[in-house]
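Peer 1: Sharing a structure with you now.
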Amino acid sequence: MDGLIAELAAAGPVITDGAWGTQLQQRGLPVGACPDAWNIVEPKKVEEVARSYVEAGSRIILTNTFGANRLMLARHDLADKVVAVNRAGVEISRRAAGDRARVFASMGPSGVVLMMGRTTPDEVQDAFAEQAEALADAGADTIVLETFSDPAEIVLAIAAVRETGLPVVACMTFDSGKDHDRTLMGTTPEQAAAKLAEAGADVIGSNCGQGIEGFVKITRRLRAATDRPLWIKPNAGLPQVLDGKAVYTQTPEQFAACVPALIEAGAGFVGGCCGTSPEFIAAIKKKLGS
Numbered sequence: 003m004d005g006l007i008a009e010l011a012a013a014g015p016v017i018t019d020g021a022w023g024t025q026l027q028q029r030g031l032p033v034g035a036c037p038d039a040w041n042i043v044e045p046k047k048v049e050e051v052a053r054s055y056v057e058a059g060s061r062i063i064l065t066n067t068f069g070a071n072r073l074m075l076a077r078h079d080l081a082d083k084v085v086a087v088n089r090a091g092v093e094i095s096r097r098a099a100g101d102r103a104r105v106f107a108s109m110g111p112s113g114v115v116l117m118m119g120r121t122t123p124d125e126v127q128d129a130f131a132e133q134a135e136a137l138a139d140a141g142a143d144t145i146v147l148e149t150f151s152d153p154a155e156i157v158l159a160i161a162a163v164r165e166t167g168l169p170v171v172a173c174m175t176f177d178s179g180k181d182h183d184r185t186l187m188g189t190t191p192e193q194a195a196a197k198l199a200e201a202g203a204d205v206i207g208s209n210c211g212q213g214i215e216g217f218v219k220i221t222r223r224l225r226a227a228t229d230r231p232l233w234i235k236p237n238a239g240l241p242q243v244l245d246g247k248a249v250y251t252q253t254p255e256q257f258a259a260c261v262p263a264l265i266e267a268g269a270g271f272v273g274g275c276c277g278t279s280p281e282f283i284a285a286i287k288k289k290l291g292s
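Numbering of the sequence shown is given in the numbering used here, commencing with residue 3 and proceeding in unit increments.
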């Protein structure tokens, strides 16, 4: 196990951060706009989000780079800004973290469906490698692969990150099947754990897709399938549509009340995904008494 990951895991549970997209939208990011571009055009607002998580108690914060690979940025005519956007993202989180938190850089899916055959695996891995190298060069401590559904795609991303020499956290989203225990591609937690470990992930986990109550079972199954540390970031319940907008109604206190069960199930790194905020992180910290 990587030295930094081993150090953090030994002192766990480690509180990570919460959602970024909704926090940026509250600061004026238009729906449908490119969040990652704000690293360049609105860096102060992005830093507000990062700093708010540090102040709430996050020991690890991510970066505003989830969709900053070439294939995703091309949708906004920003394919030539990969290095600039990712470097700025790390620098922003570094300023906010200071010496109070670690900076784990976020990488999301490529935005293409491999099985469609329109983009080759080599092209996808090259896009991941370009982003991972930019994040590593900018000074990220670790890279987190988030919200992946296709095991074939996340294996390409793990390979790209490993080329940088940084540790890699690999997360899949279990939101499908009658029990919401499979990825969109049908992968179970057990299959995911085996595939991610074989590919070389230092930490294995899950984020997004469902509320924290459902994550307790997912965490138990991941724990039974691997000895790697587990990274868990659930949503704040399921959204309800109110006045045409998706609204998460779970409170920080309700969310935090379930965190001890996650830890008992085996989670070593705990935070939140969609619908969560700095208030959720503060509630987790209070619940854990640290």
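From the three backbone atoms N, C-alpha and C, an ideal C-beta is built for every residue, glycine too. Please read all numbers here as calculations on a predicted model, not as lab measurements.
Can you tell me whether DSSP reads Gln212 as helix, strand or coil?
Peer 2: Translated into positions along the sequence shown, residue 212 becomes position 210. In the structure shown, Gln212 sits in a strand (DSSP, three-state: E or B).
Peer 1: If you follow the beta strand (DSSP E) that Met1 is in, where does it begin and where does it stop?
Peer 2: Residue 1 lies beyond the range of the chain shown here (3 to 292); nothing can be said about it.
Peer 1: Would you grab the beta carbon distance between Ala58 and Ile265 for me? Rounded to a whole angstrom, and I think it's under 8 Å.
Peer 2: Counting from one through the sequence shown, the residue named residue 58 turns up at place 56. Counting from one through the sequence shown, the residue named residue 265 turns up at place 263. About 18 Å; that fails the 8 Å criterion.
Peer 1: Please classify Val243 as buried or exposed, where buried requires at least 16 neighbouring CB atoms within 10 angstroms.
Peer 2: Residue numbering aside, residue 243 sits at position 241 when the sequence shown is read from its first letter. Answer is exposed; the Cβ neighbour count stays below 16.
Peer 1: Could you give the first and the last residue of the continuous beta strand (DSSP E) run that contains Val114?
Peer 2: In the sequence shown, the residue the question calls residue 114 occupies position 112. Segment: none, Val114 is in no beta strand (DSSP E) and carries neither H nor E.
Peer 1: Any idea what DSSP makes of Asn71, helix, strand or coil?
Peer 2: Taking the sequence shown and counting its residues from 1, the one referred to as residue 71 is at position 69. In this structure, Asn71 counts as coil in the three-state DSSP scheme.
Peer 1: Determine, using beta carbons only, whether Gly273 and Asp4 come nearer to each other than 7 Å.
Peer 2: As a working mapping, residue 273 is identified with position 271 in the sequence shown. As a working mapping, residue 4 is identified with position 2 in the sequence shown. Contact: no.
Peer 1: Measuring straight from C-alpha to C-alpha, what distance separates Ala107 and Arg223?
Peer 2: On the sequence shown, residue 107 is found 105 positions in, with the first residue counted as 1. On the sequence shown, residue 223 is found 221 positions in, with the first residue counted as 1. So the alpha carbons of these two residues sit roughly 26 Å apart.
Peer 1: Can you tell me whether Val33 is helix, strand or coil according to DSSP?
Peer 2: Residue numbering aside, residue 33 sits at position 31 when the sequence shown is read from its first letter. The answer is coil: DSSP assigns Val33 none of H, G, I, E or B.
Peer 1: Determine the DSSP secondary structure at Leu186, reduced to helix, strand or coil.
Peer 2: As a working mapping, residue 186 is identified with position 184 in the sequence shown. DSSP places Leu186 in coil when its eight states are reduced to three.
Peer 1: Could you pull out every unbroken beta strand (DSSP E) segment of at least 3 residues lying fully inside the segment 126 to 179, listed in chain order?
Peer 2: Qualifying beta strand (DSSP E) stretches, in chain order: 144 to 150 and 170 to 174.
Peer 1: Beta-carbon separation of Lys287 and Ile17 under 7 Å?
Peer 2: Here residue 287 corresponds to residue number 285 of the sequence shown, with the count starting at 1. Here residue 17 corresponds to residue number 15 of the sequence shown, with the count starting at 1. For Lys287 and Ile17, yes; Cβs fall inside 7 Å.
Peer 1: So, with DSSP's three-state summary, where would you put Ala285?
Peer 2: Residue 285 sits at position 283 when you count from the first residue of the sequence shown. DSSP places Ala285 in helix when its eight states are reduced to three.
Peer 1: Mind checking which residues open and close the alpha helix (DSSP H) that includes Gln28?
Peer 2: Locating residue 28 in the sequence shown gives position 26, counting from the first residue. From DSSP, the alpha helix (DSSP H) with Gln28 extends over Gly23 to Gln28.
Peer 1: Whose C-beta lies closer than 7 Å to the C-beta of Ala70 among residues of the same chain, with five residues either side of it excluded?
Peer 2: Residue numbering aside, residue 70 sits at position 68 when the sequence shown is read from its first letter. Excluding sequence neighbours, Ala70 sits near Asp38, Val84, Val87, Asn88, Gly91 and Gln133.
Peer 1: By Cβ distance below 6 Å, which residues in the same chain neighbour Thr278 in space, the five residues on each side in sequence not counted?
Peer 2: The residue given as residue 278 occupies position 276 in the sequence shown. Gly20, Ala21 and Ala238.
Peer 1: Gln256 by DSSP, collapsed to three states: which one?
Peer 2: Taking the first residue of the sequence shown as position 1, residue 256 is located at position 254. The answer is helix: DSSP assigns Gln256 an H, G or I state.
Peer 1: Answer with buried or exposed for Val43, where buried requires no fewer than 16 other C-beta atoms within 10 angstroms of its C-beta.
Peer 2: Residue 43 sits at position 41 when you count from the first residue of the sequence shown. With fewer than 16 other Cβ atoms within 10 Å, it is exposed.
Peer 1: Anyone know if the C-beta pair for Thr221 and Ile234 falls short of 7 Å?
Peer 2: Here residue 221 refers to the residue found at position 219 when the sequence shown is read from its first residue. Here residue 234 refers to the residue found at position 232 when the sequence shown is read from its first residue. Contact: yes.
Peer 1: Given Met187, which residues of its chain have a CB within under 6 Å of its CB, disregarding the five upstream and five downstream residues?
Peer 2: Stepping through the sequence shown from its first residue, residue 187 is reached at position 185. Ser151 and Asp152, listed in sequence order.
Peer 1: Can you give the Cα-Cα distance for Glu192 and Ala227, rounded to whole angstroms?
Peer 2: Stepping through the sequence shown from its first residue, residue 192 is reached at position 190. Stepping through the sequence shown from its first residue, residue 227 is reached at position 225. Rounded to the nearest angstrom, the two C-alpha atoms are 6 Å apart.
Peer 1: Between the segment 158 to 166 and the segment 25 to 32, do three or more beta carbon pairs fall short of 8 Å?
Peer 2: Short answer: they don't touch.
Peer 1: Less than 7 Å between the beta carbons of Met174 and Thr185, yes or no?
Peer 2: Within the sequence shown, residue 174 is the residue found at index 172, counting from 1. Within the sequence shown, residue 185 is the residue found at index 183, counting from 1. Going by C-beta atoms, Met174 is nearer than 7 Å to Thr185.
Peer 1: Can you look up Arg104 in the DSSP assignment and give me helix, strand or coil?
Peer 2: Taking the first residue of the sequence shown as 1, we reach residue 104 at position 102. Reduced to three states, the DSSP call for Arg104 is strand.
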